[in-house]
Amino acid sequence: MTSSVFGRAAEPIVIDVWSDVVCPFCYLGNAVLKEAVEQFPHGSSVQVRYHSFQLNPGFPVGEAVLADNYLAQQYGMPPAQIEASHAQLAARGAESGLDYQFPRSMMINTLDAHRMIHLAKAHGQELPMVDRLFRAEFTDGLNLADHEVLADLAADLGLDRSAAVTALETKAYEQDIRADLARARELGISGVPFFVFDNKRAVSGAQPVEMFRRALDITWQDRAASPA
Amino acid sequence: MQASSTEPLVVETDDLVEAGAAEPAPAPLIMLESSDDSGVCAVDGWCD
Chain A
1 MTSSVFGRAA EPIVIDVWSD VVCPFCYLGN AVLKEAVEQF PHGSSVQVRY
51 HSFQLNPGFP VGEAVLADNY LAQQYGMPPA QIEASHAQLA ARGAESGLDY
101 QFPRSMMINT LDAHRMIHLA KAHGQELPMV DRLFRAEFTD GLNLADHEVL
151 ADLAADLGLD RSAAVTALET KAYEQDIRAD LARARELGIS GVPFFVFDNK
201 RAVSGAQPVE MFRRALDITW QDRAASPA
Chain B
1 MQASSTEPLV VETDDLVEAG AAEPAPAPLI MLESSDDSGV CAVDGWCD
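Going down the list, the protein sequences come from chains A and B. First residue of the first sequence: 1, per our numbering; consecutive thereafter. First residue of the second sequence: 1, per our numbering; consecutive thereafter.
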């Protein structure tokens, strides 16, 4: 971009977000980040880009089990502990307008869901797709391992349903997903959500809105302090 | 490097280059520290 009297501030602040569709804190982090950007005086100068991350890449592709059953089996968590954990997060989510329905959430391999995000990105629908997948997973209890479900969601966003089916059948966007995962590894990301502001500063986790506001303010100040 | 439908996606060291996404090695990120380090789901699937 050509520099001007406005210097680098004329370019958007880029927030790169690594997240996974089955990550409940990513759903919350997505909502809280949105709140922060809306509050930020220069919010129109912010670009959010989502990147794929897989918490459970070894989970069998195409299969789905209730997430609570998976937690109980995988970690030996007693039901009361699972419920307490859910209640705490559901309360935080409600403050951000999210309706967590944890008993309906499914554990899946999210590779195909990430394909849909990359498909949507190619058509300028990345953020709506991220929103829709989170809601499908944590509120609607849809099975996101099911290609028909994923294709329906793509169609709901105005994308070509047959293109979505083709992307799923041909395992499209594999290189894009690999690139996201490789970059995450390069950056040392071991958990999500993870937010990188202008490739310089980072926030780990679904932090309070004030933390994201602080990150945006500091990033804006960084720009003012740096030469155009 | 095409994963089968039943294999996890394994990331290779040259994936960034193959994907055409290679950029100069990033400078270390500056973490904004928080008094609350919860709110993260780790790679083993555990959320805290």
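Even for Gly, the Cβ is constructed at its ideal location relative to N, Cα and C.
Check, Outcome
"Simplified DSSP assignment, three categories, for residue 16 of chain A", "strand"
"Neighbourhood of residue 173 of chain A by C-beta, 6 Å cutoff - its chain only, sequence neighbours within 5 removed", "115, 118"
"Outcome for residue 107 of chain A when other beta-carbon atoms lying within 10 angstroms are tallied against a minimum of 16", "buried"
"Option nearest residue 101 of chain A by Cα separation, candidates A:80, A:136, A:81", "A:136"
"Interface positions of the segment 68 to 83 of chain A facing chain B (Cβ-Cβ less than 9 Å), listed along the chain", "70, 71, 74, 75"
"Contact check, residue 138 of chain A vs residue 50 of chain A, beta carbons under 8 Å", "no"
"Proximity test, Cβ basis, 8 Å: residue 206 of chain A and chain B", "yes"
"Where residue 41 of chain B falls: helix, strand or coil (DSSP)", "strand"
"Delimiting residues of the alpha helix (DSSP H) encompassing residue 102 of chain A", "Residue 102 of chain A -> no alpha helix (DSSP H), and no H or E assigned at all."
"Cβ pair residue 205 of chain A, residue 38 of chain B closer than 8 Å", "yes"
"Residue 173 of chain A: first and last residue of the uninterrupted beta strand (DSSP E) it sits in", "Per DSSP, residue 173 of chain A belongs to no beta strand (DSSP E) and is neither H nor E."
"Given residue 104 of chain A as reference, the closest of A:91, A:111, A:70 once Cα atoms are compared", "A:70"
"Local Cβ density within 10 Å of residue 31 of chain A, reported as buried at 16 or more and exposed below that", "buried"
"Ordered list of alpha helix (DSSP H) runs contained in the segment 129 to 185 of chain A, each at least 4 residues", "147 to 156, 161 to 169"
"8 Å contact criterion, which residue 198 of chain A and residue 65 of chain A should meet: CB distance rounded", "Between residue 65 of chain A and residue 198 of chain A the Cβ distance is about 39 Å, and since that is not below 8 Å, they are no contact."
"DSSP-derived helix/strand/coil call for residue 236 of chain A", "Residue 236 of chain A cannot be examined here, being either before or after the span of chain A that is shown, 1 to 228."
"Segment contact, 8 Å Cβ cut-off, at least three pairs: the segment 120 to 128 of chain A with the segment 87 to 98 of chain A", "no"
"Contact list for the segment 189 to 201 of chain A against chain B, Cβ threshold 7 Å", "190, 191, 192, 196, 199, 200, 201"
"Which of helix, strand or coil DSSP assigns to residue 77 of chain A", "coil"
"Cα-Cα separation between residue 46 of chain A and residue 78 of chain A, rounded to whole angstroms", "42 Å"
"Cβ of residue 102 of chain A within 8 Å of any chain B Cβ", "no"
"Buried/exposed call for residue 2 of chain B, threshold 16 Cβ in 10 Å", "Residue placement at residue 2 of chain B cannot be trusted, given a pLDDT of 36 that sits under 50; the coordinates are not used to answer."
"Inter-stretch contact at 8 Å, needing at least 3 Cβ pairs: the segment 31 to 46 of chain B / the segment 183 to 196 of chain A", "yes"
"Boundaries (first-last residue) of the alpha helix (DSSP H) holding residue 209 of chain A", "209 to 225"
"Contact belief for residue 40 of chain A with residue 216 of chain A at Cβ below 8 Å, rounded distance in angstroms", "5 Å"
"Test: residue 12 of chain A CB closer than 8 Å to a CB of chain B", "no"
"Option in B:30, B:34, B:45, B:29 with minimal Cα separation from residue 207 of chain A", "B:34"
"Beta-carbon contacts of residue 18 of chain A that lie in its chain and below 6 Å, excluding the five residues immediately before and after", "51, 53, 184, 189, 192, 194"
"Proximal residues, the segment 119 to 142 of chain A versus chain B, C-beta separation under 9 Å", "none"
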